[in-house]
Amino acid sequence: MAMTDHGDTPLPHDADELIDGHTVDELDAYLTAGRTPYDPSIENSASCLLYLSALERLRNRSWQALTREAADGHDRDELWITGLLDTIKDEVRAGRDIPLRHPDPTIRLTVTEAAVQGLIRDVADSLDGVILGRIVLVGDVTLPDEPVEVRMTVAAEYGRDLVALAERLRLAVARALDEHTELVIVSIAVTVEDVYRGREEGR
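Okay, so the sequence shown: first residue is 1 according to UniProt numbering, each after it adds one.
1) For a minimum of 3 consecutive residues, which ranges assigned as the beta strand (DSSP E) are wholly contained in the stretch 125-185?
2) Going by DSSP, what residues sit across from Ala189 in a beta bridge?
3) Where does Leu171 land, buried or exposed, given buried means 16+ other C-beta within 10 angstroms?
4) Check each candidate in Leu183, His102, Val130 and Val123 and name the one with the smallest Cα separation from Val148.
5) Given a threshold of 16 other Cβ atoms within 10 Å of its Cβ, counted over all protein chains shown, does residue 248 qualify as buried or as exposed?
6) By Cβ distance below 8 Å, which residues in the same chain neighbour Val150 in space, the five residues on each side in sequence not counted?
7) With a threshold of 7 Å (Cβ to nearest heavy atom), would Ala155 be considered close to the ligand ZN?
8) For the alpha helix (DSSP H) that contains Asp104, what are its first and last residues?
9) Looking only at C-alpha atoms, which of Tyr196, Thr106 and Arg93 sits nearest to Tyr158?
10) What are the residues that DSSP puts in a beta bridge with Tyr196?
11) First and last residue of the alpha helix (DSSP H) that includes Ile42?
12) Check for me: the beta strand (DSSP E) holding Leu50 runs from which residue to which?
13) From Ala2 to Ala166, what does the alpha carbon distance come to, in whole angstroms?
14) Once DSSP output is grouped into helix, strand and coil, what is the label at Leu18?
15) Starting from the Cα of Glu56, find the closest Cα among Ser41, Arg35 and Asn44 and give me that residue.
16) Output needed for Asp28: all residues of its chain with C-beta closer than 8 Å, excluding positions within five of it in sequence on either side, in chain order.
17) Could you tell me the boundaries of the alpha helix (DSSP H) in which Thr36 lies?
18) Starting from Val111, follow its DSSP beta bridges and name the residues at the other end.
19) State the Cα-Cα distance for the pair Arg175 and Cys48, rounded to the nearest angstrom.
20) How would you label Tyr30, buried or exposed, when you count the other beta carbons within 10 angstroms and need 16 or more for buried?
21) On the criterion of 16 or more Cβ atoms from any shown chain inside 10 Å, does His22 qualify as buried, or is it exposed?
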């Protein structure tokens with residue numbers, strides 16, 4: 001193996017820091033470049049695609065407002081952003097298998113926990129004034145008909161009615177999970193853990 005005179009050969013990344021062999025910086029750069037040139041090792045990876053999808057959705061005006069606050073010297077917001085990206089990185093790994101019913105008992109169908117969390121993020125990202133933080137599915141999702149609690153943290157846009165915002169998110173998530181999964185959801189909790197400036201306030 002060739003080495004420089006200074007012995008600065010890059011150290012291998014810890015497997016826990018990689019998403020199917022790619023760092024988050026590599027995926028961020030790939031998305032920034034318009035996903036070109038085409039990289040089959042990324043485009044054929046479910047985990048990488050989930051991360052790219054989540055990252056792309058974050059690049060909206062709400063995300064820009066939050067990153068602007070961090071750039072203005074709000075260390076708390078920079079830590080929140082870093083924590084959010086770490087959370088998404090952890091979520092896109094498959095996680096637990098959630099069973100789906102099929103009329104043929106010899107056929108076993110499942111959906112990954114990561115896919116369900118991605119669904120919840122899709123729902124949250126469709127709503128104005130909220131950035132979803134952490135999602136936790138509490139309960140044994142691997143067993144049919146087991147009660148499951150959904151717990152979410154969010155950052156809300158300054159000036160929003162927080163109670164109404166949380167309720168709108170809760171109802172939207174409940175509808176999506178009812179339509180696309182067979183989870184028995186017994187409660188959905190939304191905790192507002194941060195507030196960010198909107199476009200007008202950030203100017």
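We put the CB at the ideal spot given by N, CA and C, even for glycine.
The structure presented is a predicted model; accordingly, all values stated were derived computationally and were not measured.
This is what the structure holds:
1) Within the stretch 125-185, the beta strand (DSSP E) runs of at least 3 residues that lie entirely inside it are, in chain order, 130-138 and 147-157.
2) Paired residue(s): Arg151.
3) With fewer than 16 Cβ atoms within 10 Å of its Cβ, Leu171 is classed as exposed.
4) Out of Leu183, His102, Val130 and Val123, Leu183 has the C-alpha closest to the C-alpha of Val148.
5) The requested residue 248 does not occur in the structure, where the chain is confined to residues 1 to 203.
6) Only residues of its own chain outside the window of five on either side were considered, and among them Ile120, Ile135, Val136, Leu137, Val138, Val173, Leu177, Ile185, Ser187, Ile188 and Ala189 have a CB closer than 8 Å to the CB of Val150, listed in chain order.
7) Annotation note on the ligand ZN: not contained in the displayed structure, which lists no ligands.
8) Premise fails: Asp104 is in no alpha helix (DSSP H) and is neither H nor E.
9) Taking only the C-alpha atoms, the option nearest Tyr158 is Tyr196.
10) Answer by DSSP bridge pairing, in chain order: Glu157.
11) Here the alpha helix (DSSP H) through Ile42 covers Pro40 to Glu43.
12) Careful: Leu50 lies outside any beta strand (DSSP E), inside the alpha helix (DSSP H) at Ala46 to Leu58.
13) With a pLDDT of only 39 at Ala2, under the threshold of 50, the placement of this residue in the model should not be trusted, and no figure is reported.
14) Here Leu18 sits in coil by DSSP.
15) Distances from the CA of Glu56 to each of Ser41, Arg35 and Asn44 were compared; the closest alpha carbon is that of Arg35.
16) Leu55, listed in sequence order.
17) Unbroken run through Thr36: none, as it is neither H nor E.
18) Beta-bridge partners assigned by DSSP to Val111: Ile98.
19) Between Arg175 and Cys48, the C-alpha separation is close to 26 Å.
20) Tyr30 is buried by the Cβ-count criterion.
21) With 16 or more Cβ atoms within 10 Å of its Cβ, His22 is classed as buried.
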